[in-house]
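Using the numbering used here, the first residue of the sequence shown is number 2, and each one after it goes up by one.
Worksheet: the structure to be examined is printed underneath.
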Amino acid sequence: MPQVDFYHLTRSDMAEALVMLVKKSQLAGKKVLVQCPRPAAEAMDEALWTQDPESWIPHGLDDADGASHAHAWIMSVPEGNPISAEFLFLLHGAERPDMTSFERVFNLFDGRSDAQLSEARSQWQEWRKNEALEMRYFAQDDEGKWEKRG
Numbered sequence: 002m003p004q005v006d007f008y009h010l011t012r013s014d015m016a017e018a019l020v021m022l023v024k025k026s027q028l029a030g031k032k033v034l035v036q037c038p039r040p041a042a043e044a045m046d047e048a049l050w051t052q053d054p055e056s057w058i059p060h061g062l063d064d065a066d067g068a069s070h071a072h073a074w075i076m077s078v079p080e081g082n083p084i085s086a087e088f089l090f091l092l093h094g095a096e097r098p099d100m101t102s103f104e105r106v107f108n109l110f111d112g113r114s115d116a117q118l119s120e121a122r123s124q125w126q127e128w129r130k131n132e133a134l135e136m137r138y139f140a141q142d143d144e145g146k147w148e149k150r151g
């Protein structure tokens, strides 16, 4: 049963949060698939290369070469898993028809965006009906640390 974690961003921006979580996933030995629409996919690609000069996260975007060497892959379409990732990151309201092939799903949304907040609420309401998913909710506190709130 995949664990689905909603991450409500109030302090960090999307790129900052994604890079931090992808680095933690990489340290845990897990490959990650990031799904988001274009042009956000290009922005996340750039963030994985440049956000933290101390880290190096081998990754690719959509149909680029190099999947066999990547620890992270960014997709702008909701199909395929070219690196056999265990973790799935959904950004900017992205959805995937079948999330059960992943160990863990991270749904990141910007709480300062009314559109993203509304979409995340709709996703929570819909996905919690699926008994194959274990749902959790995290939000940032005033210092930017994550608190489990549901």
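Idealized CB from N, CA, C, for every residue including glycine.
Same chain, Cβ closer than 8 Å to residue i, neighbours up to 5 away in sequence not counted
i, result
"Leu-91", "Gln-36, Cys-37, Arg-97, Val-106, Phe-107, Asn-108, Leu-109"
"Pro-79", "Gln-36, Ala-95, Glu-96, Arg-97, Pro-98"
"Arg-137", "Gln-4, Val-5, Asp-6, Phe-7, Lys-149, Gly-151"
Span separating the alpha-carbon of residue i from that of residue j
i, j, result
"Lys-24", "Asp-63", "20 Å"
"Ile-84", "His-70", "8 Å"
"Ala-153", "Gln-4", "In the structure as shown, the chain begins at 2 and stops at 151. Residue 153 is therefore absent and cannot be evaluated."
"Arg-12", "Asp-143", "8 Å"
"Leu-22", "Phe-88", "10 Å"
"Gln-141", "Trp-147", "5 Å"
"Arg-122", "Ala-18", "19 Å"
"Asn-82", "Phe-139", "26 Å"
"Glu-120", "Leu-134", "18 Å"
Enclosing alpha helix (DSSP H) for residue i [first to last residue]
i, result
"Lys-24", "15-28"
"Gln-52", "No alpha helix (DSSP H) contains Gln-52, which DSSP labels as neither H nor E."
"Leu-118", "115-128"
For residue i, three-class secondary structure by DSSP
i, result
"Leu-62", "strand"
"His-9", "strand"
"Met-45", "helix"
"Ala-140", "strand"
"Ala-68", "helix"
"Asp-111", "strand"
"Val-78", "coil"
Same chain, Cβ closer than 7 Å to residue i, five either side skipped, listed in chain order
i, result
"Ala-48", "Ala-16, Leu-19, Val-20"
Contact belief for residue i with residue j at Cβ below 8 Å, rounded distance in angstroms
i, j, result
"Ile-58", "Gln-27", "6 Å"
"Ala-65", "Lys-32", "Wrong, their Cβ atoms sit about 16 Å apart, outside the cutoff."
Contact set for residue i: own chain, Cβ-Cβ below 6 Å, skip 5 residues either direction
i, result
"Leu-118", "Gly-112"
Opening and closing residue of the beta strand (DSSP E) in which residue i lies
i, result
"Asp-88", "Correcting the residue type first, residue 88 is Phe in the shown sequence and not Asp. Residues 88-92."
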